[in-house]
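A.B. asks:
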Amino acid sequence: MKMNDITVRIGGQAGDGSLATGEILSKYFRRIGFYVATDKDFPSRIRGGHTSYAIRGSKKRIFSLDDRIDVLLAFDEDSILLHMDELESGGVVIFDSSRKDLEIKREDVRKVKIPLANIARKELGLEIIKNTMALGVLSKLFSLDSNIMRQTIRDSYKTKSEKIIEENLLAYEKGLEYSKDIEPMEGYVIEGDKVAPDTLLLMGNEAIGLGALAAGCRFIAAYPITPASDVLEFLSRHLPEKGGVAIQAESEIAAVNMAIGAGYAGLRSMAVTSGPGFDLKTEGIGLASMIEQPVVILDAQRAGPSTGLPTKTEQSDINHAVYGGHGDKARIVIAPGNVEEAFYFTFEAFNLAERFQVPVIILSDELISWNKQVVKRFDLDKLKVDRGKLELNPVSNEREFPRYDFQEDGISFRTIPGVEKGIHLETGDEHDVYGHITENASNRVKMMDKRMKKIQVMKNELFPSVVQGEGDVAVIGMGSTMGPILEALERIPREIKFIRIRTLFPFLDDVALHLKDVKIAFVVEQNYLGQLEDLVKLNTGFRNTVGIRKYDGRSFRPGIIERRIREVMGW
Amino acid sequence: MVNISLYDRETPTWCPGCGDYGVLTALKRAAANLGLDPAKTVLVTGIGCSSKINSYFYSYGIHTIHGRAAAVATGIKLSNPELEVIIAGGDGDAYAIGTEHLVHIARRNLDVAYIVMNNQIYGLTKGQVSPTSEEGFVTITTPYGSYEKPVNGPLLALASGATFIARGFSGDIVQLTQIIEEAIRHRGFALVDVLSPCVTWNKINTYDWYKANSYQLKDHDPGDRNRAFQILQDDKFALGIIYKKEEKTFEEKVYRKYVHLPLKQLEVDRSIETIYEEFR
Chain A
0 MKMNDITVRI
10 GGQAGDGSLA
20 TGEILSKYFR
30 RIGFYVATDK
40 DFPSRIRGGH
50 TSYAIRGSKK
60 RIFSLDDRID
70 VLLAFDEDSI
80 LLHMDELESG
90 GVVIFDSSRK
100 DLEIKREDVR
110 KVKIPLANIA
120 RKELGLEIIK
130 NTMALGVLSK
140 LFSLDSNIMR
150 QTIRDSYKTK
160 SEKIIEENLL
170 AYEKGLEYSK
180 DIEPMEGYVI
190 EGDKVAPDTL
200 LLMGNEAIGL
210 GALAAGCRFI
220 AAYPITPASD
230 VLEFLSRHLP
240 EKGGVAIQAE
250 SEIAAVNMAI
260 GAGYAGLRSM
270 AVTSGPGFDL
280 KTEGIGLASM
290 IEQPVVILDA
300 QRAGPSTGLP
310 TKTEQSDINH
320 AVYGGHGDKA
330 RIVIAPGNVE
340 EAFYFTFEAF
350 NLAERFQVPV
360 IILSDELISW
370 NKQVVKRFDL
380 DKLKVDRGKL
390 ELNPVSNERE
400 FPRYDFQEDG
410 ISFRTIPGVE
420 KGIHLETGDE
430 HDVYGHITEN
440 ASNRVKMMDK
450 RMKKIQVMKN
460 ELFPSVVQGE
470 GDVAVIGMGS
480 TMGPILEALE
490 RIPREIKFIR
500 IRTLFPFLDD
510 VALHLKDVKI
520 AFVVEQNYLG
530 QLEDLVKLNT
540 GFRNTVGIRK
550 YDGRSFRPGI
560 IERRIREVMG
570 W
Chain B
0 MVNISLYDRE
10 TPTWCPGCGD
20 YGVLTALKRA
30 AANLGLDPAK
40 TVLVTGIGCS
50 SKINSYFYSY
60 GIHTIHGRAA
70 AVATGIKLSN
80 PELEVIIAGG
90 DGDAYAIGTE
100 HLVHIARRNL
110 DVAYIVMNNQ
120 IYGLTKGQVS
130 PTSEEGFVTI
140 TTPYGSYEKP
150 VNGPLLALAS
160 GATFIARGFS
170 GDIVQLTQII
180 EEAIRHRGFA
190 LVDVLSPCVT
200 WNKINTYDWY
210 KANSYQLKDH
220 DPGDRNRAFQ
230 ILQDDKFALG
240 IIYKKEEKTF
250 EEKVYRKYVH
260 LPLKQLEVDR
270 SIETIYEEFR
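One line per chain: the protein sequences are A and B, in this order. Going by numbering that gives the first Met the number 0, the first sequence opens with residue 0, and the numbers climb by one from there. Going by numbering that gives the first Met the number 0, the second sequence opens with residue 0, and the numbers climb by one from there.
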């Protein structure tokens with residue numbers, strides 16, 4: 000018996016409506032009080048090709064998919080070929096037999112064949128709404144609340160015409176009608192609440208956009224790139240309402256430099272990108288470090304190098320985020336582990352950028368950026384804007400404002416153009432306190448020391464690791480691996496300490512403390528070389544690590560981690 | 000009128016005789032004639048000899064990355080349209096490494112002036128070929144002569160949608176002052192290409208050479224875009240305002256509701272609750 004935890008994979012050719020169906024289903028789950036985790040799997044092209052969307056709904060708090068799926072809703076043959084093995088014994092495959100009938104070999108699963116497309120075409124006059132019909136079949140199989148489903152369908156299409164809403168509602172009824180003789184699934188119970196909780200269902204990129212708005216960000220510049228474009232799209236809709244600017248720049252390089260210009264002029268600003276664009280932004284990030292300019296950069300990692308797997312996830316930009324670029328630089332690199340953190344980290348990124356006058360890199364990955372999760376309504380009262388040492392009424396009688404004056408904490412007072420007594424220079428060349436170019440050796444040392452001092456000063460104010468559990472066996476992870484790691488550990492009845500690193504640069508001292516009595520540490524990450532593992536070893540001196548790595552572009556499942564730990568530990 | 004000494008800053012480190020001195024003087028005079036407030040003016044530059052001009056001109060100044068001045072300036076101007084934003088740099092900055100930004104800042108018609116000090120050579124890196132060097136031009140990196148045709152920056156800017164194109168000569172500070180003044184006053188994107196000899200590395204394109212190879216525009220209607228295209232393709236360099244047209248600026252189009260001015264509205268509307276409905 001599986002209680003209140005179900006994973007549905009919807010597969011088809013691009014254009015079959017798999018994503019739209021998945022969206023409605025995940026909304027439905029939120030409305031009945033379930034948590035949600037999703038994973039999109041689609042090729043980097045627009046027409047054709049197999050696409051699938053996995054949605055897990057669960058009453059317990061989850062952050063990722065399960066190992067297996069319970070339902071395979073297949074609009075095409077590829078869905079059967081690719082995903083049948085994933086289906087849990089006792090699960091169900093719903094196959095749209097309109098294109099061809101197919102012999103489905105497995106005997107341990109239930110098979111529901113129904114010519115969805117044909118019925119939709121013949122009886123509704125519109126083949127594409129077969130996907131909404133399928134929701135009717137699902138409703139019958141799992142005794143879902145049809146009133147809540149109807150409302151969810153209506154709301155999902157509310158930005159479209161009333162006609163489209165009506166068509167989809169009709170398709171849903173048609174799906175129910177054709178399933179009236181189908182017996183509900185045995186062994187599954189989906190018991191939701193009647194009243195939707197005060198939660199939100201959103202993906203990481205949307206949370207990042209909201210976090211930026213809440214932080215008072217008023218400028219975003221970006222070049223379209225998967226999987227970061229959603230943030231630009233979201234803010235392009237919402238920033239103008241608030242008097243801000245969203246601009247699609249002519250290039251990745253233009254975008255980062257525009258954001259730096261906006262920050263210089265006094266607006267909270269950001270640029271969003273993924274690996275290839277992040278490479279191109281390196282020089283700009285160096286400039287921001289040198290002129291001590293606040294700016295927020297999102298790198299939503301995807302599989303690299305080069306174009307890599309553009310629509311697939313990876314965590315292989317760690318080295319670049321931490322070390323990328325020439326010269327010694329002060330910067331901050333933070334890595335949220337879930338959608339909720341994506342919001343709060345983004346909010347705080349703007350504070351950190353201004354407080355320490357450095358570029359702040361939010362290192363997300365495709366899974367966090369695209370994964371839809373259910374979060375509590377954000378607590379805005381807790382969030383305080385801190386613009387740091389922004390001086391808008393300097394009293395100095397000097398002709399030029401000492402923008403890079405030496406202060407105890409290495410952070411000088413900053414001012415912005417338009418301020419009467421604030422005139423100064425900023426330059427990527429080494430400079431004196433007024434921003435004038437100088438190659439003087441002792442000034443160089445003093446300025447380097449000043450900028451590097453900030454790295455030590457900021458350490459106390461960054462995100463410490465989150466530690467769960469005790470014991471001398473540890474698992475270390477960052478970003479989206481949090482979900483599968485947590486579930487893997489639930490399945491192993493042993494004492495294991497999970498250390499989730501949330502700040503990658505500067506590397507915080509707490510990780511070494513957490514590893515003090517640890518004998519072996521598994522480092523889980525989505526890359527080949529073990530970039531996180533290297534970072535941990537280098538910064539903590541801890542040597543006895545075992546890497547659990549994945550680099551096929553697909554996210555971790557708990558089982559992979561569980562099996563590897565059991566294997567190495569002999570458990 | 001303000002005294003031009005208001006804009007004095009450091010003493011330039013340019014070579015004696017460098018054309019950029021003429022540009023600096025013309026810029027200061029233009030600023031004085033316009034009464035520019037140094038506190039409300041930002042001089043944005045890239046990298047190169049000419050890009051050091053904001054070390055020598057008193058106002059807010061940001062000396063950025065090679066080729067990226069126009070992008071940084073776009074961020075500044077959009078963030079605070081009340082600022083007078085002027086971009087300055089060399090031909091390498093504008094017409095080689097930063098060409099992409101020139102095209103796009105022109106088509107956006109951002110209300111800034113861009114002064115390009117064009118000496119047809121790379122000076123700060125000691126004498127390599129530039130994007131505006133003539134074909135066959137011999138330099139340390141083109142010992143057998145350049146194999147490439149020169150980039151025609153003003154023509155490119157015009158084709159990209161710039162609403163003000165002018166060319167000046169650092170040997171004629173009076174005219175250059177007028178041109179820069181007009182360019183700053185112009186509402187929209189203004190490109191000023193300045194023939195500004197490099198006396199150290201370019202022994203071909205000298206003051207005398209430019210005098211012999213340029214001419215003054217007479218009885219020219221700057222509103223005639225077709226004529227401007229022709230002029231910019233002349234063998235000799237036309238001097239004066241080549242094209243000028245009033246069009247809506249980028250800032251005017253971008254700001255739909257109200258302009259967020261960093262100095263006046265530090266407290267911004269940070270509410271997001273109205274957006275929550277999208278996520279139910």
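C-beta: ideal position from N, C-alpha, C; glycine also.
#1: Using Cβ-Cβ distances below 7 Å, what residues of the region 36–49 of chain B are close to chain A?
#2: Can you tell me where the alpha helix (DSSP H) holding Val253 of chain B begins and where it ends?
#3: Give the range of the beta strand (DSSP E) segment to which Tyr244 of chain A is assigned.
#4: Closest by CA to Asp90 of chain B, which one among B:Cys48, B:Tyr57 and B:Val111?
#5: Can you tell me the Cα-Cα spacing of Ser132 of chain B and His100 of chain B, whole angstroms?
#6: By Cβ distance, which residues of its chain are closer than 8 Å to Ser159 of chain B, with the 5 residues on each side in sequence left out?
#7: If you follow the beta strand (DSSP E) that Ser51 of chain A is part of, which residue opens it and which one closes it?
#8: In chain order, which continuous runs of the alpha helix (DSSP H) of length 4 or greater are located wholly inside the region 41–81 of chain B?
#9: How many angstroms separate the CA atom of Gly66 of chain B from the CA atom of Val173 of chain B?
#10: Does DSSP classify Phe218 of chain A as helix, strand or coil?
#11: With DSSP collapsed to three states, give me the class of Arg60 of chain A.
#12: Chain A partners of Ser54 of chain B, CB-CB under 7 Å?
#13: To the nearest angstrom, report how far apart Tyr121 of chain B and Ala237 of chain B are at their CA atoms.
#14: So, is Gln119 of chain B buried or exposed, given that buried needs 16 or more other C-beta atoms within 10 angstroms?
#15: For a contact defined as C-beta to C-beta under 7 Å, what are the partners of Thr73 of chain B on chain A?
#16: Going straight from the alpha carbon of Ala341 of chain A to that of Asp40 of chain A, what length do you get?
#17: Below 8 Å between beta carbons: does that hold for Ile317 of chain A and Leu169 of chain A?
#18: Report buried or exposed for Tyr143 of chain B, applying the criterion of at least 16 other Cβ atoms within 10 angstroms of its Cβ.
#19: Compute the distance between the beta-carbons of Glu407 of chain A and Arg490 of chain A, then report whether it is under 8 Å.
#20: Mind checking the region 90–118 of chain B against chain E and listing, in chain order, the residues whose C-beta falls within less than 8 Å of any C-beta there?
#21: Determine which residues of the region 191–223 of chain A have a Cβ less than 8 Å from any Cβ of chain B, and write them out in chain order.
#22: What residue from A:Lys536, A:Gly260 and A:Arg548 has the CA that sits closest to Pro416 of chain A's CA?
#23: Using the beta-carbon count (16 or more within 10 Å), is Lys129 of chain A buried or exposed?
#24: How is Ser583 of chain A classed by DSSP in three states: helix, strand or coil?
#25: May I ask you to report which of helix, strand or coil DSSP gives Tyr214 of chain B?
#26: Got a sec? Which residues, its chain only, sit under 8 Å from Lys445 of chain A by beta carbon, not counting five neighbours each side?
#27: Which term fits Met289 of chain A, buried or exposed, when burial requires 16 or more other beta carbons within 10 angstroms of its beta carbon?
#28: Alpha carbon to alpha carbon, how far is Tyr55 of chain B from Pro11 of chain B?
#29: Whose CA, out of A:Asp69, A:Phe74, A:Asn543 and A:Lys59, lies closest to the CA of Asp15 of chain A?
#30: So is Ser411 of chain A buried or exposed if we call it buried at 16+ other beta carbons inside 10 Å?
#31: Compare the C-beta of His49 of chain A against all C-beta atoms of chain B and say whether one is closer than 8 Å.
#32: Can a CB atom of chain B be found closer than 8 Å to the CB of Tyr27 of chain A?
#33: Between which two residues does the alpha helix (DSSP H) containing Ala227 of chain A stretch?
#34: Determine the extent of the alpha helix (DSSP H) in which Glu447 of chain A is found, giving its start and end residues.
#35: Give me the residue from A:Val359, A:Ser142, A:Asn526 and A:Gly242 with the minimum Cα distance to Val188 of chain A.
#36: In chain A, which residues lie less than 9 Å from Asn204 of chain B when you measure between Cβ atoms?
C.D. replies: Taking the coordinates as given:
#1: If the cut-off is 7 Å between Cβ atoms, the region 36–49 of chain B has Pro37, Ala38, Lys39 and Val41 near chain A.
#2: Taken as a continuous stretch (DSSP letters only), the alpha helix (DSSP H) holding Val253 of chain B covers Phe249 to Val253.
#3: First, the residue type needs correcting, since residue 244 of chain A is Val and not Tyr in the sequence shown. Looking at the DSSP string, the run of the beta strand (DSSP E) that includes Val244 of chain A is Val244 to Gln247.
#4: B:Cys48
#5: 21 Å
#6: Leu101, Val102, His103, Ala105 and Arg106
#7: His49 to Ser57
#8: The region 41–81 of chain B contains these whole alpha helix (DSSP H) runs: 52–55 and 68–78.
#9: 29 Å
#10: strand
#11: coil
#12: Ordered by position in chain A, the residues that pass the 7 Å Cβ test against Ser54 of chain B are Leu424, His435 and Ile436.
#13: The straight-line gap from Cα to Cα measures roughly 23 Å.
#14: buried
#15: Near Thr73 of chain B (Cβ distances below 7 Å), the residues of chain A are Met257 and Gly260.
#16: Between the C-alpha atoms of Ala341 of chain A and Asp40 of chain A there is a straight-line separation of about 21 Å.
#17: No Cβ-Cβ contact shorter than 8 Å links Ile317 of chain A with Leu169 of chain A.
#18: By the neighbour-count rule (16 or more Cβ atoms within 10 Å), Tyr143 of chain B is not buried but exposed.
#19: no
#20: Structure shown: chain E not included; protein chains present are A and B.
#21: Ala195, Leu199, Leu200, Leu201, Glu205, Leu209, Leu212, Ala213, Ala214, Gly215, Arg217, Phe218 and Ala220
#22: Checking every option, the nearest Cα to that of Pro416 of chain A belongs to A:Gly260.
#23: With 16 or more other Cβ atoms within 10 Å, it is buried.
#24: Here chain A covers residues 0 to 570 and nothing more, so residue 583 of chain A does not appear.
#25: Note: Tyr214 of chain B maps to strand in three-state DSSP.
#26: Phe405
#27: buried
#28: 6 Å
#29: A:Phe74
#30: buried
#31: no
#32: no
#33: Premise fails: Ala227 of chain A is in no alpha helix (DSSP H) and is neither H nor E.
#34: Checking the sequence, you will find Met at residue 447 of chain A rather than Glu. Taken as a continuous stretch (DSSP letters only), the alpha helix (DSSP H) holding Met447 of chain A covers Ala440 to Met457.
#35: A:Ser142
#36: Result: empty, since nearest Cβ-Cβ is about 27 Å, beyond 9 Å.
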